[in-house]
Every structure is written in C-alpha cells, then in structure tokens.
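What follows is a single structure, written as structure tokens, with notes after it.
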Amino acid sequence: MFRAAPPLAGLALALSLAVATPLPASAQETSGGVAAQAGRIVVTGIGEVERAPDFARVFVAVTNRGDSVAEVVKANRLATEEALATIEARGIAREDVSTSNFQVYETPEEYDRNGNPRTVPPYTATHQLEIVLRDVDTVGAFAGEILALEAMTFQSIGWGLERSEEAQEEAMRLAVADARRQAEVLAQAAGVALGAIRQIGNGDVGGGPMPEMDRVMMRASAAPAVPIVPPAQLTFTARIGMEWSIGE
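Next up, the structure:
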C-alpha cells in the first residue's frame, strides 16, 4: 500500500522572500520603490510505502558448560550438529544458515535467590546461529522445535522484505511528489509563481525496518508451536528536501 504524508503535517516548511538594496540588475521595482530579489520555497516531502514481510531472520544459540575447554567445545560441537540436523530436516537451505558468533569463556559466578554462590562448570561455549526463514508462517513451529533441543535457546527474531530496494525507491518517488505538492500550495497561497528546482536532497530513507522481538531466552521440554505473529506490514519511509526559486 502506498501512502503519502497528510498535507503539511509534521513537515519542515519554509517560505522566504529576500528583500535588499542596492538594486541588482535582475531586481524588479515594487510600488514602494524597493526591489524584491528572487526568493525561494523550501519544503520537505515525506513518502511511505507499506509491504508485508516475506522472510524472518531468527537467532538461536547453542550453549554448553564443562570442566575444560576441550570438553565444552566438544559438547558444543555435538549439540550444534543436532541443531543443524533439525534445521536441515525443515528444508531450510544451507545458504540461509550461518554462524553469527562463537565464543568460549570462563563461566561467571552465579548465585541463588538467597545470595549463596552456586557450583557451576568453569567453562562455557556458546555458538550463535543466524537462520533465514523464507516462509514467515512457519516461524512459530520452527521455534517450538528449536526450543525442544536441550542446549538451545531462542534469542530474537527480525522481519524483512526481500525486494526492499523497490519499496525504498517508491517511497522516495512519493516523497518528491509530496514536496512538489506542498511547494505548489505555498506558491499559490503567496500569490507567486513556482520557479525552477534549485536543490534536491535525500533527507532520510528508512531502509526497511526489521523490528525485532525483545531478547528471549527460553527452553522447553516439548515442541509445541510458539505463538509468534509477524507484523502485518513493514513501513518504508523517505524524506526528500527540495528547494524552488520563486518565478516572476
């Protein structure tokens, strides 16, 4: 769905008519004997385009603890292989799965609710995977299967659009049209003619937000589908600044 911004709402508008002496060659005499130099109209147009997301970017982590670095790395490798087998069984393409982070570190101290230290294995290994799901309706079922794996945590989700560049470009076109409409309204209201475009600039383009859910650290003993609902629309916003001269 395409939508231009409401008339004049939330936009930075400026209309200026410069008056000065001595008279330049191009100045015109007014009835009061003062020359009005060519002025300018400056506006910012806003364009918005909405698209339904067509993929999800999911982050999961495989975490293991052990008494030595070698032990924890081996355990993490085996757990990661199990996770990858689950991912492959869902028909997810290999190029849509990648490591986003891997680290082995000393386990920080932990305390119970009474402030007493807990005995924990001294080393922790965490392997974070980034997975692209091309069918957003399958995210909930996928999350349930991942959470059923003992060493897995489901961390976050982002939503995106495969052909986001097209949506961004359409938002920019709408922003230019909105800026021109504003300039024409201002020129008509001021009783002047709209001249040539002097400047045009890309003020701000929202590159297709991928809103992420709050970070989630969950585990489950079964594999029910998690009730994850993708956003109905992603909004792409463009702001274009334009400047016109005031014609004679």
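Taking mature numbering (1 follows the signal peptide of the UniProt record, and there is no 0), I'd label the letters of the sequence shown as residues -27 to -1, 1 to 221. No residue lacks a Cβ here, since even glycine has one placed at the ideal position from N, Cα and C.
(request) Apply the 10 Å Cβ neighbour rule to Tyr96 and answer buried if 16 or more other Cβ atoms are within range, or exposed otherwise. (result) buried
(request) At 3 residues or longer, and completely inside the stretch 43 to 88: list those beta strand (DSSP E) runs for me, N to C. (result) 70 to 79
(message) Whole angstroms are fine: how far does the CA of Val33 sit from the CA of Phe209?
(response) 27 Å
(message) Using only the alpha-carbon positions, how far apart do Ile170 and Glu142 sit?
(response) 20 Å
(message) Going by DSSP, what residue range makes up the beta strand (DSSP E) through Ala124?
(response) Here Ala124 belongs to no beta strand (DSSP E), and DSSP marks it neither H nor E.
(request) Give every residue of the same chain whose Cβ lies closer than 6 Å to the Cβ of Asn74, excluding the five residues on either side of it in the sequence, and list them in chain order. (result) Gln101
(message) So, does the stretch 212 to 219 touch the stretch 147 to 154, judging by three or more C-beta pairs under 8 Å?
(response) yes
(message) Quick check on DSSP: helix, strand or coil for Gln206?
(response) coil
(request) Can you check DSSP and say which residues form a bridge with Ile19? (result) Arg212
(request) Go ahead and label Gly18 buried or exposed: buried means 16 or more other beta carbons lie within 10 angstroms of its beta carbon, across all protein chains shown. (result) buried
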